[in-house]
Amino acid sequence: MNNYLELPPDKLAALFRDWQLPEYRIKQIRRWIYARKITDFEHMTDLPKTVRSLLAEKFGSILRSKELKHHISDDASQKLLLELEDGERIECVLLQNDRHHRTACISTQVGCAMQCSFCASGMDGFVRNLTRGEMLEQLLRLNVLLPQDERLTHIVVMGIGEPMLNLDALLDALGEATRSDGLDISVRRVTISTVGIPVGIRKLADAVVQTGKGYKLAVSLHAPNDTLRSQIIPYNLRTSIADIFSATDAYFDKTGRRVTFEYTLIESLNDQPEHITQLAGLLRHRTALVNVIPLNPVLALNFRAPSGKAVQHFVERLEACGIQVKVRFRKGDKIAAACGQLRRGES
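Heads up, the numbering used here is the position in the sequence shown plus 262, with the first residue counted as 1.
#1: May I ask which residues mark the beginning and end of the beta strand (DSSP E) holding residue 494?
#2: Indicate whether residue 431 and residue 394 have their beta-carbon atoms separated by less than 8 Å.
#3: When the Cα of residue 424 is compared with those of 416, 399, 460 and 438, which residue comes out closest?
#4: If I follow the unbroken beta strand (DSSP E) through residue 401, where does it start and stop?
#5: Using alpha carbons as the reference points, say which of 399, 317, 294 and 292 lies closest to residue 343.
#6: Over the uninterrupted alpha helix (DSSP H) stretch that includes residue 513, give me the two end residues.
#7: Check the DSSP bridge columns for residue 555 and list the partner residues they point to.
#8: Grouping DSSP H, G and I as helix and E and B as strand, with all else coil, what is residue 362?
#9: Touching or not, the segment 480-498 and the segment 369-384, by the rule of three or more beta carbon pairs under 8 Å?
#10: Output the distance between the C-alpha atoms of residue 333 and residue 282, rounded to the nearest integer angstrom.
#11: Compare the Cα-Cα distances from residue 419 to each of 477, 345, 413 and 411 and report the closest residue.
#12: With a floor of 3 residues, list each beta strand (DSSP E) that falls wholly inside the segment 562-604, ordered by position along the chain.
#13: Could you tell me whether the Cβ atoms of residue 579 and residue 556 are closer together than 8 Å?
#14: According to the Cβ coordinates, are residue 467 and residue 527 closer than 8 Å?
#15: By the three-class DSSP mapping on this structure, what secondary structure does residue 353 have?
#16: Under a three-way DSSP split, which group does residue 334 fall into?
#17: Tell whether a beta-carbon distance below 8 Å holds between residue 415 and residue 364.
#18: Rounded to whole angstroms, what is the Cα-Cα separation between residue 287 and residue 309?
#19: Go through its chain and collect everything with a Cβ distance to residue 316's Cβ below 7 Å, but skip five positions before and after it.
#20: Could you tell me the alpha carbon to alpha carbon distance between residue 573 and residue 294, rounded to whole angstroms?
#21: How many angstroms separate the CA atom of residue 298 from the CA atom of residue 268?
#22: Can you give me the C-alpha to C-alpha distance between residue 609 and residue 312, rounded to a whole angstrom?
#23: Report yes if the C-beta distance between residue 547 and residue 486 is below 8 Å; otherwise report no.
#24: Locate the beta strand (DSSP E) running through residue 455, then write down its first and last residues.
#25: May I ask you to list the residues that DSSP assigns as paired with residue 367?
#26: Mark residue 564 as exposed unless 16 or more other C-beta atoms lie within 10 angstroms of its C-beta, in which case mark it buried.
#27: Name the DSSP beta bridge partners of residue 482, please?
#28: What does the alpha-carbon distance come out to for the pair residue 285 and residue 278?
#29: Given a cut-off of 8 Å, decide if residue 289 and residue 443 are closer than it, judged by their beta-carbon atoms.
#30: DSSP on residue 264, reduced to helix/strand/coil?
#31: Work out the CA separation of residue 523 and residue 329 for me, nearest whole Å.
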């Protein structure tokens with residue numbers, strides 16, 4: 263049985279021609295799914311009953327996953343635990359703020375092979391890449407959580423998995439989500455976060471140039487030297503900070519888009535005065551932003567967040583060196599939905 267969300271527009275149009283359905287029906291269906299938040303063919307009432315029956319027969323359900331858990335935090339964050347058709351599980355998150363930002367944080371893989379030392383996502387190992395449809399489905403499910411007169415405004419690809427290792431399927435899904443007749447999310451409100459895979463960063467830069475879709479790039483740096491970074495991020499043993507910066511410099515040169523460097527602050531590990539000096543040295547002559555993230559604790563891991571005073575000191579010292587800095591304030595941590603807390607099982 264065909265999966266509706268897996269089909270790009272050209273293949274969908276070919277199927278409709280085979281079934282002797284006019285292609286304008288596709289536009290009607292898109293309007294129901296993306297604008298009206300209806301994912302059941304039976305409820306698409308401007309389609310003839312015979313067409314609705316045919317679509318249900320050929321496609322079955324538009325949404326193929328099963329919602330196992332729905333957590334709601336007192337800060338309005340919401341987390342879904344989804345079971346996919348093969349029984350594997352992922353999590354995705356809806357984040358909201360008082361600036362009317364409605365942000366979907368989606369996963370790109372079942373599990374994660376990066377095994378960053380402070381992050382829950384890699385604790386259960388890596389299983390497989392997600393498909394275009396499985397990523398789109400996360401967006402649709404999160405969009406439905408909002409009132410009918412609201413919609414998603416931002417996407418952050420910061421959930422479970424390493425996006426650069428599933429880039430083709432991700433870009434396919436994002437291309438659909440950013441269409442004017444899709445979720446109509448501005449490409450400038452889409453951020454792709456990576457642990458720092460140079461070949462993937464360069465491939466993304468080429469894709470941005472080719473498609474004109476200027477997605478934001480965020481690199482999880484977390485340390486200013488290779489010795490410490492390899493301790494925090496084992497994948498760094500296969501590359502280096504110099505290689506990563508060579509790739510991000512190329513990204514900026516090709517796309518004109520400033521790169522964000524994410525830096526999770528961990529008490530007594532990467533928050534010392536020498537780390538501030540080294541980080542400033544890396545970024546002083548680059549057009550970049552440092553996103554400081556006080557550690558979101560994971561019960562099974564023995565790391566602690568620095569105090570608020572220590573975070574403030576770190577930020578002020580960086581700013582004194584001429585570095586632009588933002589602090590990511592904690593959201594969703596009470597339901598294990600904050601950065602570094604997502605898992606492919608119940609958390």
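Where a beta carbon is used, it is the ideal one built from N, C-alpha and C, also for glycine.
Answer, in terms of the structure:
#1: Where residue 494 is concerned, there is no enclosing beta strand (DSSP E), although the alpha helix (DSSP H) it sits in stretches over 488-494.
#2: yes
#3: 460
#4: Premise fails: residue 401 lies in the alpha helix (DSSP H), 394-406, not in any beta strand (DSSP E).
#5: 399
#6: It spans 503-517 - the alpha helix (DSSP H) in which residue 513 sits, taken as one unbroken run.
#7: 526
#8: coil
#9: Contact between the segment 480-498 and the segment 369-384 is present, because at least three Cβ pairs lie under 8 Å.
#10: Cα to Cα, residue 333 sits roughly 43 Å from residue 282.
#11: 477
#12: 586-589
#13: no
#14: no
#15: strand
#16: strand
#17: yes
#18: 8 Å
#19: 281
#20: 46 Å
#21: 20 Å
#22: The pLDDT assigned to residue 609 is 49, lower than 50, so where the model puts this residue is not dependable; a value taken from the coordinates is nonetheless given after this. Cα-Cα distance, rounded: 44 Å.
#23: no
#24: 452-456
#25: 355 and 418
#26: exposed
#27: 524
#28: 6 Å
#29: yes
#30: coil
#31: 33 Å
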